Amino acid sequence: MNETLTRLFESAKTYFNSLPKQKKILYLSAAAFVAVGLTTMVSLLKRDPLQVLYSDLRPEESKNVAKKLSEQNISYQVNEDNSTVLVPASQVYKARMELAKEGLPGQDLVGFEKFDNSTIGMSSYVQRIQYVRAVQGELTRSIQRLASVKTARVHISVPPKKTFLEEEDPPKASVVLELRNGMTPSKQETTGIAHLVASAVEGLKVNQITIVDTKGNFLHRPEDTSTPAIPTALLEMQRSIESEYERRVEEMLTPVVGFGKVRAKVTAEIDPSRVNTTEETFDPEKVVARSVSKTDESNVGSRPNPMGIPGSRSNLPGTETNNPQVPMATSTNEKNTSNANYAVPRKIQVVDKPSGSIKRMTVAVVVDGYYTKTPNSTTETFAPRTEEELRRIQDLVANAVGFDAQRRDSITVSSMPFNNTDLNVPEAEPVPGFSFQNLKMPLIRNGLIALVILSFMFMVLRPFLKWVTGADEKRKLTEDELTTVPRTVEELEAAVQASAEGSITASEAIEDALTNKGLAAQMEKNDEQDNVIRDIFSETESKKEEKRLKNLILEQLEKSPKKGVRIIQEWFEEDSEKKAEGIAA
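All letters in the sequence shown, in the order written, are residues 135 to 719 by my numbering.
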């Protein structure tokens with residue numbers, strides 16, 4: 135193994151010494167470049183990669199974190215917008231532990247720990263102020279735990295106590311939220327924040343809390359009780375209904391007129407009253423006898439027929455007379471009673487109509503028209519849609535929103551040009567914690583590694599392999615090297631005649647004629663230097679000689695077919711003479 139390495143080293147040394155000065159300078163420069171690249175690559179590989187310590191920091195927080203890391207002798211790096219701090223990966227957890235001891239990188243919030251070191255001489259007013267500050271700080275910490283909230287600020291206004299309860303003002307609160315990029319708190323989250331703040335402050339009601347974001351948008355606003363208005367629940371229902379119908383109309387018309395070429399607005403009039411109706415109806419045609427009862431009475435009797443003077447004793451009832459001459463009066467009474475009870479079908483309907491029904495709806499739809507380019511101009515001419523198209527669109531909208539003529543609903547469809555040049559589309563904010571700075575060092579490191587490998591392959595390894603395998607430039611004939619090639623057949627015959635006299639062989643004469651003596655001599659010298667490499671790669675000299683002669687003949691045939699034919703003829707004559715001499719011997 136050592137002997138092989140020594141031979142390779144000697145061959146490389148011989149090859150380097152045989153190079154011209156320009157190539158030596160080039161190879162030395164390439165070697166220096168490779169050495170520097172390898173050194174840089176090794177240093178980068180040994181360097182501890184950076185990892186994000188904290189992101190989404192404010193400038194004040196980044197400043198405090200950087201100051202503490204400098205005190206702890208921990209190397210760090212801050213990105214361009216001072217929102218992300220990076221430290222070596224092996225020191226991330228240590229740095230976080232050290233910063234947590236100092237309460238970093240949290241905001242300068244004051245919680246109930248403010249009362250841990252309270253003094254005895256603190257006045258009641260100072261205590262009340264400190265208590266309000268502590269409540270604000272604790273609420274801020276709780277609100278910032280929400281996923282959609284980046285930072286928060288809570289302001290509580292607690293009026294002083296008064297003698298009479300009627301004169302006391304209710305407490306109020308305001309909350310400012312800085313939302314994370316691309317996130318919007320839901321209605322449930324804002325309501326939860328309002329209830330959280332109201333529960334933490336005595337006497338504070340939800341309708342006295344205002345929540346806004348950093349762009350000034352209301353997320354939760356107090357109700358105005360001074361003037362009668364629709365309750366908040368009904369307002370939310372109205373907005374939800376209007377948004378839903380607008381979405382239906384735009385989604386239905388977008389495939390028809392094109393994306394971004396339709397706008398719809400719906401106004402729904404909501405009935406806030408609640409109606410409770412009880413209705414009782416009877417059906418006389420479906421009467422059914424429930425019960426029937428009949429009573430029959432019959433009375434038969436007789437008494438004396440009154441006679442004589444009216445009012446006499448004999449005519450009084452109950453007076454018995456034994457006079458047989460007085461006639462008797464007979465009476466008969468009959469009584470028939472029929473009683474029937476009928477069941478009449480009755481239907482009782484109780485209707486409880488909740489508030490929030492749609493009393494009336496108006497829909498306005500605007501669609502874009504057609505644009506045609508003016509010849510030899512960049513301007514476009516607007517053409518509105520036809521009345522037939524607008525009528526069809528109106529019918530589609532009416533069916534989509536449930537048009538009801540009894541409610542006096544109205545639908546308006548217009549075709550107007552859209553102006554999209556002044557649309558103020560906000561630019562997307564960068565994702566928190568992401569920066570090209572985080573990828574810069576890995577990209578540089580990988581790029582240097584690839585550059586060093588490619589440079590080593592193309593500038594060192596490739597030329598060396600070409601020289602070892604005999605495929606470099608010294609194996610090829612250039613135009614300059616063929617300047618001394620014989621121009622006539624007589625010159626070539628003279629070379630062959632010299633071989634016949636015994637000074638050189640026919641193949642040597644052909645090679646000398648095709649190139650020149652100096653070039654052939656130089657090639658023989660190089661062949662002697664290549665013997666070691668040929669032994670290593672196990673390629674015989676005869677095969678290389680055969681390849682070289684073949685290449686020379688092919689090149690000569692391409693340039694001068696007559697000369698090539700003459701060379702081949704001389705070659706065959708030489709072989710024939712050798713065979714004849716062998717037979718004679």
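All C-beta atoms in this analysis are idealised placements derived from N, C-alpha and C, irrespective of residue type, glycine included.
Small disclaimer: the values here were computed from a predicted structure and weren't measured.
Query raised in the report: For leucine 162, does the count of other Cβ atoms within 10 angstroms reach 16, so buried, or fall short, so exposed?
Result: Along the sequence shown, one-based indexing puts residue 162 at 28. Exposed: under 16 other Cβ atoms inside 10 Å.
Report task. If I'm right that arginine 720 touches arginine 480 with Cβ under 8 Å, what's the distance once you round it to whole angstroms? Result -> The structure shown does not extend to residue 720, since the chain spans only 135 to 719, so no value can be given for it.
Query raised in the report: What are the uninterrupted segments assigned as alpha helix (DSSP H) that are 4 or more residues long and contained completely in the stretch 364-418, given in chain order?
Result: Secondary structure in the stretch 364-418: the alpha helix (DSSP H) runs of 4 residues or longer, each lying completely within the stretch, are 366-391 in chain order.
**Report entry** Extent of the continuous alpha helix (DSSP H) to which glutamine 528 belongs
**Finding:** One-based indexing of the sequence shown puts residue 528 at position 394. Boundaries of the alpha helix (DSSP H) around glutamine 528: 521-535.
Query raised in the report: When the Cβ atoms of the stretch 368-378 are set against those of the stretch 327-339, are three or more pairs found closer than 8 Å?
Result: no
Query raised in the report: Which residues in the same chain have their Cβ closer than 8 Å to the Cβ of leucine 313, if we skip the five residues on either side of it in sequence?
Result: Locating residue 313 in the sequence shown gives position 179, counting from the first residue. If we look at leucine 313 and ignore the five residues flanking it on each side, its Cβ neighbours are Ser282, Val283, Lys284, Pro319, Asp347, Thr348.
**Report entry** leucine 526 vs serine 549 beta-carbon contact at 7 Å
**Finding:** In the sequence shown, the residue the question calls residue 526 occupies position 392. In the sequence shown, the residue the question calls residue 549 occupies position 415. In the sequence as presented, leucine is not what sits at residue 526; that position holds arginine. Contact flag unset, no.
Report task. Check whether the Cβ atoms of valine 292 and leucine 273 lie closer than 7 Å to each other. Result -> If you number the sequence shown from 1, residue 292 lands on position 158. If you number the sequence shown from 1, residue 273 lands on position 139. Taking 7 Å as the Cβ cut-off, valine 292 and leucine 273 do not qualify as a contacting pair.
Query - Terminal residues of the alpha helix (DSSP H) in which arginine 262 lies - result: One-based indexing of the sequence shown puts residue 262 at position 128. Its alpha helix (DSSP H) spans residues 258-277.
**Report entry** Pair within 7 Å by beta-carbon distance, glutamine 342 and proline 304
**Finding:** Mapped onto the sequence shown, residue 342 falls at position 208. Mapped onto the sequence shown, residue 304 falls at position 170. Their beta carbons are under 7 Å apart, which means glutamine 342 touches proline 304 by this criterion.
Requested in this report: Name the residue from Leu172, Ser377, His329 whose alpha carbon lies nearest to the alpha carbon of histidine 354.
Outcome: Numbered from its first residue, the sequence shown carries residue 354 at position 220. Checking every option, the nearest Cα to that of histidine 354 belongs to His329.
Query raised in the report: How many Å lie between tyrosine 505 and proline 222 at the Cα?
Result: Reading the sequence shown from its first residue, position 371 is the one you call residue 505. Reading the sequence shown from its first residue, position 88 is the one you call residue 222. Going by the C-alpha atoms only, they are around 59 Å apart.
Query - Limits of the unbroken alpha helix (DSSP H) element including phenylalanine 150 - result: For the purposes of this step, residue 150 is identified with residue 16 of the sequence shown, where counting begins at 1. The continuous alpha helix (DSSP H) containing phenylalanine 150 extends over residues 136-151.
Query raised in the report: For valine 212 versus proline 239, is the C-beta spacing smaller than 7 Å?
Result: Start at 1 with the first residue of the sequence shown, and residue 212 comes out as number 78. Start at 1 with the first residue of the sequence shown, and residue 239 comes out as number 105. Their beta carbons are not under 7 Å apart, which means valine 212 does not touch proline 239 by this criterion.
Requested in this report: Return the residue from the list Val531, Ala332, Ala286 that minimises the CA-CA distance to valine 310.
Outcome: Position 176 of the sequence shown, counted from the first residue, corresponds to residue 310. Residue Ala286 is the option with its Cα nearest to valine 310.
Query raised in the report: Can alanine 307 and isoleucine 290 be called in contact, C-beta distance under 7 Å?
Result: Locating residue 307 in the sequence shown gives position 173, where the first residue counts as 1. Locating residue 290 in the sequence shown gives position 156, where the first residue counts as 1. Cβ atoms of alanine 307 and isoleucine 290: closer than 7 Å.
Query raised in the report: Nearest to glutamate 522 by CA position, among Val547, Thr508, Gln540, is which residue?
Result: Working through the sequence shown from its first residue, we reach residue 522 at position 388. For glutamate 522, the nearest C-alpha among the options comes from Val547.
Report task. Go to serine 333, then tell me how far its alpha helix (DSSP H) extends in each direction, as first and last residue. Result -> By 1-based counting over the sequence shown, the position of residue 333 is 199. 321-334 is the span of the alpha helix (DSSP H), which, as asked, contains serine 333.
Query raised in the report: Hey, quick one: how far does the alpha helix (DSSP H) through alanine 200 stretch, first residue to last?
Result: Counted from its first residue, the sequence shown places residue 200 at position 66. Segment 193-205, the alpha helix (DSSP H) holding alanine 200.
Report task. Grab the span of the beta strand (DSSP E) containing arginine 230 for me, first residue to last. Result -> As a position in the sequence shown, residue 230 is number 96, starting the count at 1. Unbroken run through arginine 230 is the alpha helix (DSSP H), 226-235; no beta strand (DSSP E).
Query raised in the report: What are the boundary residues of the beta strand (DSSP E) that methionine 114 is part of?
Result: Here the chain covers residues 135 to 719 and nothing more, so residue 114 does not appear.
**Report entry** Proximity of threonine 412 and valine 484 at Cβ, strictly below 7 Å
**Finding:** Here residue 412 refers to the residue found at position 278 of the sequence shown. Here residue 484 refers to the residue found at position 350 of the sequence shown. Going by C-beta atoms, threonine 412 is nearer than 7 Å to valine 484.
**Report entry** Distance, aspartate 486 Cα to proline 418 Cα
**Finding:** Taking the sequence shown and counting its residues from 1, the one referred to as residue 418 is at position 284. Taking the sequence shown and counting its residues from 1, the one referred to as residue 486 is at position 352. Proline 418 and aspartate 486: Cα-Cα distance of roughly 27 Å.
**Report entry** Outcome for isoleucine 345 when other beta-carbon atoms lying within 10 angstroms are tallied against a minimum of 16
**Finding:** Taking the sequence shown and counting its residues from 1, one reaches residue 345 at position 211. Using a 10 angstroms sphere on the CB of isoleucine 345, the tally of other CB atoms reaches 16 or more, which defines it as buried.
Query raised in the report: Could you check where the beta strand (DSSP E) with phenylalanine 552 kicks off and where it finishes?
Result: Translated into the one-based positions of the sequence shown, residue 552 becomes position 418. Looking at the DSSP string, phenylalanine 552 is not in any beta strand (DSSP E), and its letter there is neither H nor E.
Query - valine 421 (DSSP reduced to helix, strand or coil) - result: By 1-based counting over the sequence shown, the position of residue 421 is 287. Of the three classes helix, strand and coil, the one that applies to valine 421 here is coil, per DSSP.
Query raised in the report: Below 7 Å between beta carbons: does that hold for valine 219 and tyrosine 379?
Result: On the sequence shown, position 85 is the one that residue 219 refers to. On the sequence shown, position 245 is the one that residue 379 refers to. Taking 7 Å as the Cβ cut-off, valine 219 and tyrosine 379 do not qualify as a contacting pair.
Requested in this report: With a 10 Å radius around its C-beta and 16 neighbouring C-beta atoms as the bar for buried, classify aspartate 502 as buried or exposed.
Outcome: Here residue 502 is taken as the residue at index 368 of the sequence shown, counted from 1. Its Cβ being crowded by 16 or more others within 10 Å, aspartate 502 is buried.
Query - Residue range of the beta strand (DSSP E) that includes proline 294 - result: Mapped onto the sequence shown, residue 294 falls at position 160. Counting along the chain, proline 294 falls outside any beta strand (DSSP E), and DSSP gives it neither H nor E.
Report task. Could you round the C-beta distance between alanine 229 and leucine 203 to whole angstroms and report it? I think they count as a contact, below 8 Å. Result -> As a first step, residue 229 is located in the sequence shown; it is residue number 95 there, counting from the start. As a first step, residue 203 is located in the sequence shown; it is residue number 69 there, counting from the start. Sure, about 6 Å apart at Cβ, within 8 Å.
Query raised in the report: Near alanine 474, which residues of its chain fall below 8 Å by C-beta distance, leaving aside the five closest residues on each side in sequence?
Result: By one-based count along the sequence shown, residue 474 stands at place 340. Cβ-Cβ distances below 8 Å link alanine 474 to Ala423, Ser425, Val426, Ser427 in the same chain, with the five nearest sequence neighbours on each side left out; the list follows chain order.
**Report entry** With 16 other Cβ atoms within 10 Å as the buried cut-off, status of glutamate 195
**Finding:** Position 61 of the sequence shown holds residue 195. By the neighbour-count rule (16 or more Cβ atoms within 10 Å), glutamate 195 is buried.
Query raised in the report: Which value, in whole angstroms, describes the spacing of the CA atoms of glutamine 528 and proline 389?
Result: As a first step, residue 528 must be located in the sequence shown, where it is residue number 394. As a first step, residue 389 must be located in the sequence shown, where it is residue number 255. Answer to the nearest angstrom: the Cα atoms are 15 Å apart.
Query raised in the report: Residues in its own chain within less than 6 Å of arginine 397 by CB, not counting five upstream and five downstream?
Result: Mapped onto the sequence shown, residue 397 falls at position 263. The answer, listed in chain order, is Val500.
**Report entry** The beta strand (DSSP E) enclosing tyrosine 504, as first and last residue numbers
**Finding:** The residue labelled residue 504 in the question sits at position 370 within the sequence shown. Run containing tyrosine 504: 504-507, per the beta strand (DSSP E) assignment.
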